[in-house]
Amino acid sequence: MRRRPAQRSFADIVREVESTPRQPLEAPAAGTLVDGVLTDPDGREYRRVEDTLTANRALALAAAGAVVVWDSCGCGGYCGFEWFSAQDVKAMAASGAPVIRNTKRARGNVSEWRSRSGDVLLLAEDDVRWAGRMG
Numbered sequence: 000m001r002r003r004p005a006q007r008s009f010a011d012i013v014r015e016v017e018s019t020p021r022q023p024l025e026a027p028a029a030g031t032l033v034d035g036v037l038t039d040p041d042g043r044e045y046r047r048v049e050d051t052l053t054a055n056r057a058l059a060l061a062a063a064g065a066v067v068v069w070d071s072c073g074c075g076g077y078c079g080f081e082w083f084s085a086q087d088v089k090a091m092a093a094s095g096a097p098v099i100r101n102t103k104r105a106r107g108n109v110s111e112w113r114s115r116s117g118d119v120l121l122l123a124e125d126d127v128r129w130a131g132r133m134g
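Under numbering that gives the first Met the number 0, think of the first position of the sequence shown as 0, with each following residue one higher.
What follows is the structure, given as structure tokens:
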């Protein structure tokens with residue numbers, strides 16, 4: 000006849016869990032969107048302040064020096080984001096306002112995000128065309 004292995008008591012399991020050192024929470028990876036926080040490649044965190052911008056508002060913010068990011072398929076960054084350089088953003092702003100298509104088949108959008116220090120980021124999603132760099 001086989002004997003069952005001795006089982007640990009619930010109190011023993013609790014003591015073991017409580018004595019295990021906790022791992023610090025990892026910061027979100029650069030260039031990702033996690034739990035409503037968009038982290039740029041430099042580690043700066045942005046939170047959404049405006050869900051939908053007009054093309055003219057997006058142009059004004061880009062001309063004022065906003066960071067511009069494109070989520071080409073609108074998946075929330077799962078496939079990754081395209082981060083544009085400051086030089087690209089200047090060229091985009093110089094070309095005029097973006098074309099934001101929002102139809103039955105296209106769901107273009109530009110949203111505004113801000114860091115704690117007030118830096119602005121524009122997230123263009125899906126069907127947005129701007130100066131040949133998107134779309």
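Even glycine gets a Cβ: it sits at the ideal position worked out from N, Cα and C.
Proximity of residue i and residue j at Cβ, strictly below 8 Å
i: residue 112; j: residue 52; result: no
i: residue 45; j: residue 121; result: no
i: residue 105; j: residue 125; result: yes
i: residue 61; j: residue 88; result: yes
i: residue 39; j: residue 66; result: yes
i: residue 21; j: residue 118; result: no
Rounded separation between residue i and residue j - CA only
i: residue 136; j: residue 91; result: The first residue shown for the chain is 0 and the last is 134, placing residue 136 beyond what the model contains.
i: residue 32; j: residue 77; result: 8 Å
i: residue 94; j: residue 35; result: 31 Å
i: residue 131; j: residue 69; result: 13 Å
i: residue 128; j: residue 18; result: 55 Å
i: residue 147; j: residue 5; result: The requested residue 147 is not part of the displayed model; the chain covers only 0 to 134.
i: residue 101; j: residue 107; result: 5 Å
i: residue 142; j: residue 84; result: Given a span of 0 to 134 for the chain in the structure shown, any question on residue 142 remains unanswerable.
i: residue 73; j: residue 103; result: 15 Å
i: residue 63; j: residue 71; result: 23 Å
Sequence-distant residues of its chain with Cβ nearer than 8 Å to residue i (five each side left out)
i: residue 79; result: 30
i: residue 150; result: Outside the displayed span of the chain (0 to 134) sits residue 150, for which this structure offers no information.
Close Cβ partners of residue i (< 7 Å) along its chain, the five nearest in sequence each way excluded
i: residue 50; result: 110
Neighbourhood of residue i by C-beta distance below 6 Å, restricted to the same chain and skipping five residues each side
i: residue 55; result: 96
- Message: As an exercise, report each continuous alpha helix (DSSP H) stretch of at least 4 residues that is fully enclosed by the segment 15-83, in chain order.
- Response: 54-62
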